[in-house]
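Quick mapping for you: the protein sequence lines, in order, are chains A and B.
Residue 15 is where the first sequence starts when you use the numbering used here, and the numbers rise one by one after that.
Residue 15 is where the second sequence starts when you use the numbering used here, and the numbers rise one by one after that.
The next block holds one structure in the form of structure tokens; read it before the comments.
2 protein chains.
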Amino acid sequence: MEPNSKYECSCVECKLKTLFFEKVDSNELEMVCSSKIEYQFKKGDTIIREGDFINDFIYLKSGLVKLTRQTSNGKEQILSFAKPFDFVSLLSVFSSKRYNYSVIALDDTSICLLALADVKKTIHENGDFAMNLMVKLSEATDMIILDNLEIRRKHLKGRVAHVLIYFSEYIYKSNMIQLPVSRREIAEYIGMTTENVIRTLSEFKKDGIIRTFGKDIDIVDLVRLRSISEHG
Amino acid sequence: MEPNSKYECSCVECKLKTLFFEKVDSNELEMVCSSKIEYQFKKGDTIIREGDFINDFIYLKSGLVKLTRQTSNGKEQILSFAKPFDFVSLLSVFSSKRYNYSVIALDDTSICLLALADVKKTIHENGDFAMNLMVKLSEATDMIILDNLEIRRKHLKGRVAHVLIYFSEYIYKSNMIQLPVSRREIAEYIGMTTENVIRTLSEFKKDGIIRTFGKDIDIVDLVRLRSISEHG
DNA sequence: GTCATCTTATGATATTTATCACAACGCCTG
DNA sequence: CAGGCGTTGTGATAAATATCATAAGATGAC
Numbered sequence: 015m016e017p018n019s020k021y022e023c024s025c026v027e028c029k030l031k032t033l034f035f036e037k038v039d040s041n042e043l044e045m046v047c048s049s050k051i052e053y054q055f056k057k058g059d060t061i062i063r064e065g066d067f068i069n070d071f072i073y074l075k076s077g078l079v080k081l082t083r084q085t086s087n088g089k090e091q092i093l094s095f096a097k098p099f100d101f102v103s104l105l106s107v108f109s110s111k112r113y114n115y116s117v118i119a120l121d122d123t124s125i126c127l128l129a130l131a132d133v134k135k136t137i138h139e140n141g142d143f144a145m146n147l148m149v150k151l152s153e154a155t156d157m158i159i160l161d162n163l164e165i166r167r168k169h170l171k172g173r174v175a176h177v178l179i180y181f182s183e184y185i186y187k188s189n190m191i192q193l194p195v196s197r198r199e200i201a202e203y204i205g206m207t208t209e210n211v212i213r214t215l216s217e218f219k220k221d222g223i224i225r226t227f228g229k230d231i232d233i234v235d236l237v238r239l240r241s242i243s244e245h246g
Numbered sequence: 015m016e017p018n019s020k021y022e023c024s025c026v027e028c029k030l031k032t033l034f035f036e037k038v039d040s041n042e043l044e045m046v047c048s049s050k051i052e053y054q055f056k057k058g059d060t061i062i063r064e065g066d067f068i069n070d071f072i073y074l075k076s077g078l079v080k081l082t083r084q085t086s087n088g089k090e091q092i093l094s095f096a097k098p099f100d101f102v103s104l105l106s107v108f109s110s111k112r113y114n115y116s117v118i119a120l121d122d123t124s125i126c127l128l129a130l131a132d133v134k135k136t137i138h139e140n141g142d143f144a145m146n147l148m149v150k151l152s153e154a155t156d157m158i159i160l161d162n163l164e165i166r167r168k169h170l171k172g173r174v175a176h177v178l179i180y181f182s183e184y185i186y187k188s189n190m191i192q193l194p195v196s197r198r199e200i201a202e203y204i205g206m207t208t209e210n211v212i213r214t215l216s217e218f219k220k221d222g223i224i225r226t227f228g229k230d231i232d233i234v235d236l237v238r239l240r241s242i243s244e245h246g
């Protein structure tokens, strides 16, 4: 990991405290956060590299990342995207010595890094915290599994529709989306070729379902897009 | 859930104690297990139905199950298979009010059912148990995610090879496998049509890679099967 | 035992998707 | 500003996969 800069900030005031540490008292928070380091990454930076040893507990403070994996035939697969309040390092953090996935910034992104040993200690000592974390872990993985199953059962058009709706509803909460990924990355996410992603987007455009201005996409006919995502 | 019968057995002696409860002292074990019920299911029985409320913490004692999900176009998707020591209900148990998946016995199967509230209480009170559970949950979900990604990047032959190797190595630990699933269920697992699963198996047979006797499959040329799974 | 039903099986054909080839555009760098 | 390179875009063709049709075993109900 090569951070671009290093900041100090107070865990007590951190917005994410409500997510991870709401049940942690100030002594425990002090303990966990004494080792805390905040890092800033620029778009394109690798935050975690697949295969690296896991020593830290990492969570997103701001920005957007993709979780990717190198296949044995040299291609990339994108597992999921994550924004603040979603998990990042946590996915394999308790079950593996090394990261199974890389995490790459799709936008300027800041993370907080805690010593994993301290987090584990807090799990031991604070049942509410443990339970809280269990819920988040379960939610995050469940969502990835369900999403992957959804994508797998759909055809090209349905998959592209799915990913547009995903960004619109889940990431941007708007009909206007500033795609944070290239067509190739969409392809790596939904398991099809770049050419076919482009072709499908062109078709949506021709059919008046979306309008595109480079990376900016405006979803004009959400009803139809949903129907395509669902039935073909 | 409609159990076929009900047994009593001692948690203290249970083999699975080493998995879930090794760090639990006998008082806690008493508490957790006081509500325990053991159920037996026959091949084909539905153990958990997608959409049901989650009230229990369930784990497999013996047998084999599939985790399935109904797609909106009426088809079934198989997420994964699970044998004893793998998780079952745990997948969504901490993040959802209702089960996201059904669990169906592929073989005569017995399960233990604990009151979820008691398990949660033990998580609160016993840090070792909480940590232990976190690790298992993380392992189980990680495996499902990795496996699904692997399947997704492969072509038909690679997928069928993958699933044969999976049953051989992971479930049966032998070159001789007594397929516990139909060709259709394989198709539902790896996302292709039943016809093409059958066709691909026929081809493997013709090429001398496997021998088949109904549901019995003998992997003759594991090296070649691995190569197909990997490269096509 | 026999009828109905499901699974396995195979072939022909249609559809979906990938591959290859090429061009235009933007963007960065020297 | 020129050149290189990655991304977007489109078309023709090849390859992969699904669909449809049909039939032979298997299996279970009565």
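Quick reminder that beta carbons are idealized off the backbone N, C-alpha and C, glycines included.
Here the structure is a predicted model, which is why all the values come from computation and not from measurement.
- Just so you know, the alpha carbons of Y184(B) and I159(B) end up roughly 16 Å apart.
- Counting other Cβ atoms within 10 Å of its Cβ, T226(A) stays below 16 and is therefore classed as exposed.
- Cβ contact annotation for K219(B) (same chain, cutoff 6 Å, sequence separation greater than five): T226, in chain order.
- With a contact defined as Cβ atoms closer than 8 Å, F95(B) and V117(B) miss out at about 10 Å.
- The beta carbon of T208(B) sits no closer than 8 Å to any beta carbon of chain A.
- Counted as a single uninterrupted DSSP element, the alpha helix (DSSP H) harbouring M145(A) occupies residues G141 to R167.
- Annotated three-state conformation of F95(A) is strand, per DSSP.
- For A96(B), the nearest beta carbon of chain A is not closer than 8 Å to its own beta carbon.
- Below 8 Å, too few C-beta pairs join the region 123–131 of chain A and the region 124–133 of chain B to call them touching: fewer than three.
- Beta-bridge annotation (DSSP): T226(A) is paired with I231(A).
- A buried status is given to K50(A), since no fewer than 16 other beta-carbon atoms sit within 10 Å of its beta-carbon.
- In the same chain as V133(A), and ignoring 5 residues on each side of it, the C-beta atoms closer than 7 Å to its own belong to V46 and F71, in chain order.
- When Cβ-Cβ separations below 8 Å define contact, K75(A) makes no contact with chain B.
- Contact annotation: the region 145–160 of chain A does not touch the region 193–205 of chain A, with fewer than three C-beta pairs closer than 8 Å.
- A straight line joining the alpha-carbon of Y180(B) with that of D39(B) spans about 36 Å.
- In chain order, M148, V149 and S152 make up the part of chain B whose C-beta sits under 7 Å from the C-beta of F108(A).
- The beta carbons of L74(A) and P98(A) sit closer together than 8 Å.
- Taking 8 Å as the CB threshold, L127(A) stays off the interface with chain B.
- In this structure, DSSP gives K89(A) a state outside helix and strand, which the three-state scheme calls coil.
- DSSP, read as helix, strand or coil, puts F218(B) in helix.
- Assigned with DSSP and collapsed to three states, R112(B) falls in strand.
- At least 8 Å separates the beta-carbon of N189(B) from that of H245(A).
- According to the DSSP assignment, K37(B) belongs to no alpha helix (DSSP H), since it is labelled neither H nor E.
- DSSP, reduced to helix, strand and coil, places R63(B) outside both helices and strands of the structure shown, so it counts as coil.
- Out of T207(B), M145(B), S243(B) and V107(B), the CA that lies nearest to the CA of A154(A) is found in V107(B).
- A straight-line Cα-Cα distance of about 11 Å links I68(B) and Y115(B).
- Residue state for M190(B) is assigned as strand, using DSSP reduced to three classes.
- One Cα belongs to F35(A), the other to K135(B), and the distance between them is close to 19 Å.
- Considering only E164(A), E217(A), C25(A) and S216(A), the residue with the shortest C-alpha distance to Q91(B) is E164(A).
- When G58(A), R238(A) and Y186(A) are compared, the shortest CA-CA separation from D221(A) is found for R238(A).
- T207(B) counts as exposed, since fewer than 16 other C-beta atoms from the protein chains shown sit within 10 angstroms of its C-beta.
- Interface annotation, E42(A): not in contact with chain B, CB-CB separation never under 8 Å.
- Secondary structure of I68(B) (DSSP, three-state): coil.
- S124(B): member of the beta strand (DSSP E) spanning T123 to A129, first to last residue.
- Close CB contacts of D66(B) within its chain, under the 7 Å cut and outside five residues either way in sequence, are with R112 and Y113 (chain order).
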